[in-house]
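Following: one structure in structure tokens, then a few remarks.
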Amino acid sequence: MDIPAMRANFAKAAATGDEAPLYFYSHLFLSHPETRAMFPVSMAHQRDRLFSALGDVVARVDDLDALVPILQQLGRDHRKFGTLAAHYPAVGGSLLATLEHFDDQWSPELAKDWTDAYTLVAEVMTAAADEAAEQPAWWDADVVGHEGRAIDVAVLQVRPRARYDYLAGQSLSLETDIRPRLWRYYSPANAPRPDGLMELHVKARDGGPVSSALVRRVRMGDVVRLGPPVGHITLHEESDRDLLLVAGGMGLAPLKALVDQVARRGPARRVDLFVGARNEDHHYDRADLRRLEQENPWLTVTLAVSEDKVSSLEQGDVGDVVMRHGPWLSREVYIAGPGPMVDDTVGRLREHGVPSQRIHSEVFAPSRPGPSVDGEVTE
Amino acid sequence: MSSDQAHGNEERGLNPADVQNVRFTRASMLRPGYVDAEVDRVMSRVAEELARHIAEKAALRDEVRSLRAYVDGAPVQEAPSDQAVRILSSAQQTADAYVAEAEEFSRQMTSEARTVYEEEVRQARENAGAIIQAAQEAAAKMTGPAPAGADTPGRSVEELEEQVAYLKAFGSAVRVQLRSYLEALITDVESEWGKADPGALPQGPPRPPAQRSGRGTGPGGATAFSDNTVSPAPSAEEDVSVAAGARSSS
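Chains A and B supply the protein sequences, listed in that same order.
With numbering that gives the first Met the number 0, the residue at position 21 of the first sequence is 20, and numbering never jumps.
With numbering that gives the first Met the number 0, the residue at position 145 of the second sequence is 144, and numbering never jumps.
Written as structure tokens, this is what we have:
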């Protein structure tokens, strides 16, 4: 396999920007019209995603140790889209046609190398998908509660119809029939419960098709689909260190799940939860947090506002407020929220002397298309 | 019979010349028909040849098909033409543009609505804050000790001073009036009493009635009253005179 030649060939297609993926998908839909229904109406984001994923694969094609787990994850993830083994040759054919179309030095050798490489990729992905076949490709879940908490925030209670295993702090992808084929990531705000109920916090992003539908249109009795859980904000089994949790905005959900986990499973430890928001109205879950604080003597909840001068809550950016308390040197730290807030807080805590390996963070930003190949989950 | 077979196989690829060159010995009276063995041998050769041709043809046909498949690309279905791909691509781009436009429109609308909402809430909150503050100040003023304000109490002190001055003037006027009245009364009593029983009088002339009105009679006292601003002195004097008269008569 002539990897440099393949990379050079791929670079030509990638250099066309949107052209190559546009050609690829049109080719695929024309030669296999049944695949069209697996994609959303607008393909704009899809196209970006395809070539960035392919680029990741091409970049690692000579490092199988790194590549194989990525492909396995991709294979498992694709089950929820309804991908079948039969779809792989179709994609392979259109991919080859695309690579050939944008390379005037296409050769039978390149064709053979790409065919071999793609066959390998498809085998790894289908094998991983088959291995996961004992669990559902997706879970139907009933919306059993929908409560508007602010002008643009709703708290949903959903109950999967089949058993859904996850860890507190993980995220899951979600699709609603109101916006078909658009999957977005959300974190349950509770640890797994015996009755399977999950609490989801959703903020309607301006112009966000899925989030605004979940906040304003989904009602009790609707059904949503859930993908398998992903994400790395989870409590480490072996550690019973006291916790410092710092949430900004919608980053509250996974951290509230960690609080719930400590309450349900232990081990006993002190937990300090800081929640930052712009003003009091944005503290959409204040009442429930106060309830948790009253029920659990080991829990301290501090609410902060950054743009609300008349509020009696603590004033300032949440990272700043955290540093006014403390010290936090012995804590296991979890941070979730918007990018700048996470960066700021991580920076302050490192400066404060908390070792990096005890700081876990996750960025919650608008429109999380899915985990990147590195396993990063961004909203 | 044999010629039928020969004709039938001819179309399947038997070389026509071969068949034409076959010459069977004519039948005679003594030996009707061809020599059997000769005919059989030729026929079997023909059959063999035919079988070989058929097999070869099938093999070639397979090869052609596989070669053609290879040339046309792996999927046997016809690949979409570039033109079709272009048309679908531009249709897809149009759809993408519409969706993006709709999302952008929705984004603008909601963000504008949110801005307006937040501004309204902020203003309402500020107004409420201002109202509460004013109410608290008012409450403090009511319940708290006087020193609070500086200019409003000043004004009221002034007012009070004015009032006090007025009341003082009023009081002194009343006092003066009262004294004059009492003096007049005493004078009246004494004069009446002196008329009734002069011997009971202590001595000589009755003491000079009032310091100021040395003339001694009732009406004289009235002049002193008229200096005062307050009450219509004459009537009061009359009343009092009557009353005093009545009392003294009883």
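Where a beta carbon is used, it is the ideal one built from N, C-alpha and C, also for glycine.
Three-way DSSP call (helix, strand, coil) for residue i in this model
{"i": "A/Lys202", "result": "strand"}
{"i": "A/Pro370", "result": "Reliability fails at A/Pro370, whose pLDDT of 36 lies under 50, so the model's placement of it is uncertain and no value is given."}
{"i": "B/Pro79", "result": "coil"}
{"i": "A/Gly325", "result": "coil"}
{"i": "A/Ala12", "result": "helix"}
{"i": "B/Glu119", "result": "helix"}
{"i": "A/Val223", "result": "strand"}
{"i": "A/Asp271", "result": "strand"}
{"i": "B/Thr186", "result": "helix"}
{"i": "A/Thr301", "result": "strand"}
{"i": "A/Pro191", "result": "coil"}
{"i": "A/Thr125", "result": "helix"}
{"i": "A/Leu109", "result": "helix"}
{"i": "B/Leu177", "result": "helix"}
{"i": "A/Tyr185", "result": "strand"}
{"i": "A/Thr377", "result": "Caution applies to A/Thr377, whose pLDDT of 35 falls short of 50 and renders its modelled position unreliable; the model cannot decide the point."}
{"i": "A/Ile177", "result": "coil"}
{"i": "A/Ala136", "result": "coil"}
{"i": "A/Ser170", "result": "strand"}
{"i": "A/Gly147", "result": "strand"}
{"i": "B/Leu166", "result": "helix"}
{"i": "A/Arg158", "result": "strand"}
{"i": "A/Tyr24", "result": "helix"}
Closest residue to residue i among the options (Cα-Cα distance)
{"i": "B/Arg85", "options": "A/Tyr22, A/Gly168 and A/Val261", "result": "A/Tyr22"}
{"i": "A/Glu146", "options": "A/Asp112, A/Gly352, A/Ser305 and A/Asp284", "result": "A/Asp284"}
{"i": "A/Arg380", "options": "A/Thr233, A/Gly226, A/Val67 and A/Ala203", "result": "Here chain A covers residues 0 to 378 and nothing more, so residue 380 of chain A does not appear."}
{"i": "A/Met0", "options": "A/Ala286, A/His359, A/Pro326 and A/Thr114", "result": "A/Thr114"}
{"i": "A/Arg240", "options": "A/Asp205, A/Arg269, A/Glu198 and A/Ile358", "result": "A/Arg269"}
{"i": "A/Ala7", "options": "A/Leu98, A/Ala89 and A/Val90", "result": "A/Leu98"}
{"i": "A/Ala246", "options": "A/Ala335, A/Lys79 and A/Glu294", "result": "A/Ala335"}
{"i": "A/Asp259", "options": "A/Asp287, A/Asp280 and A/His282", "result": "A/Asp287"}
{"i": "A/Glu279", "options": "B/Glu77, B/Ile130, B/Glu117 and B/Tyr33", "result": "B/Glu117"}
{"i": "A/Ile69", "options": "A/Ser106, A/Ala121, A/Gln45 and A/Met42", "result": "A/Ala121"}
Beta-carbon neighbours of residue i, restricted to chain A and to distances below 7 angstroms
{"i": "B/Val98", "result": "Val40 and Ser41"}
{"i": "B/Ser65", "result": "Chain A residues near B/Ser65: none, gap ~16 angstroms exceeds 7 angstroms."}
{"i": "B/Asp95", "result": "Ser41, Met42 and Ala43"}
Own chain, CB closer than 6 angstroms to residue i, minus 5 neighbours either side, in chain order
{"i": "B/Asp17", "result": "none"}
{"i": "A/Gly318", "result": "Asp343, Thr344 and Arg347"}
{"i": "A/Pro228", "result": "Tyr165, Gln169 and Leu171"}
{"i": "A/Glu174", "result": "Trp182 and Arg224"}
{"i": "A/Pro326", "result": "none"}
{"i": "A/Lys11", "result": "Phe101 and Asp102"}
Close Cβ partners of residue i (< 7 angstroms) along its chain, the five nearest in sequence each way excluded
{"i": "A/Thr125", "result": "Gly74, Ala84 and Tyr87"}
{"i": "A/Ile2", "result": "Val60 and Asp61"}
{"i": "A/Gly338", "result": "Val362 and Ala364"}
{"i": "A/Phe50", "result": "Ala13, Ala19 and Pro20"}
{"i": "A/Thr233", "result": "Leu166, Ala167, Gly168 and Gln169"}
Cross-chain neighbours of residue i in chain B, by beta carbon under 7 angstroms
{"i": "A/Arg206", "result": "Inspection of the sequence shows that residue 206 of chain A is occupied by Gly rather than by Arg. What A/Gly206 touches in chain B: Glu102, Glu103, Ser105, Arg106 and Thr109."}
{"i": "A/His26", "result": "Pro79 and Val84"}
{"i": "A/Ala96", "result": "Ala78"}
{"i": "A/Leu109", "result": "The contacting residues do not exist; A/Leu109 stays about 14 angstroms from chain B at best."}
{"i": "A/Val309", "result": "Arg124 and Gly128"}
Beta-carbon contacts of residue i that lie in its chain and below 8 angstroms, excluding the five residues immediately before and after
{"i": "A/Ala236", "result": "Per the sequence shown, residue 236 of chain A should be read as Glu rather than Ala. So no residue of the chain qualifies."}
{"i": "A/Glu292", "result": "Leu298, Thr299 and Val300"}
{"i": "A/Thr82", "result": "Met37 and Ala128"}
{"i": "A/Ser355", "result": "Arg349"}
{"i": "A/Arg277", "result": "Val304, Ser305, Glu306 and Asp307"}
{"i": "A/Arg216", "result": "Ile177"}
{"i": "B/Val63", "result": "none"}
Contact list for residue i against chain A, beta-carbon separation under 8 angstroms
{"i": "B/Val120", "result": "Asp280"}
Contact set between residue i and chain B, taken where Cβ atoms lie within less than 8 angstroms
{"i": "A/Leu348", "result": "What A/Leu348 touches in chain B: nothing, since even the nearest Cβ is about 31 angstroms away."}
{"i": "A/Leu21", "result": "Ser88, Gln91 and Gln92"}
Neighbouring residues, chain B, relative to residue i (Cβ below 9 angstroms)
{"i": "A/Leu379", "result": "Lying outside 0 to 378, the shown extent of chain A, residue 379 of chain A is not represented and no answer is given."}
{"i": "A/Asp151", "result": "Thr109 and Arg113"}
Chain E within 7 angstroms of residue i, Cβ atoms only
{"i": "B/Tyr116", "result": "The displayed structure is made up of protein chains A and B, and chain E is not among them."}
Three or more C-beta pairs below 8 angstroms linking the region 175-187 of chain A and the region 236-256 of chain A: yes
Cβ pair count under 8 angstroms reaching 3, the region 307-317 of chain A against the region 217-227 of chain A: no
The region 116-130 of chain B in contact with the region 61-75 of chain A per 3-pair CB rule at 8 angstroms: no
Inter-stretch contact (C-beta, 8 angstroms, three-pair minimum) for the region 85-100 of chain B and the region 10-29 of chain A: yes
The region 133-143 of chain A in contact with the region 262-274 of chain A per 3-pair CB rule at 8 angstroms: no
The region 114-128 of chain A contacting the region 157-169 of chain A, beta-carbon criterion three pairs below 8 angstroms: no
Three-pair Cβ contact test at 8 angstroms for the region 45-60 of chain A versus the region 148-156 of chain A: no
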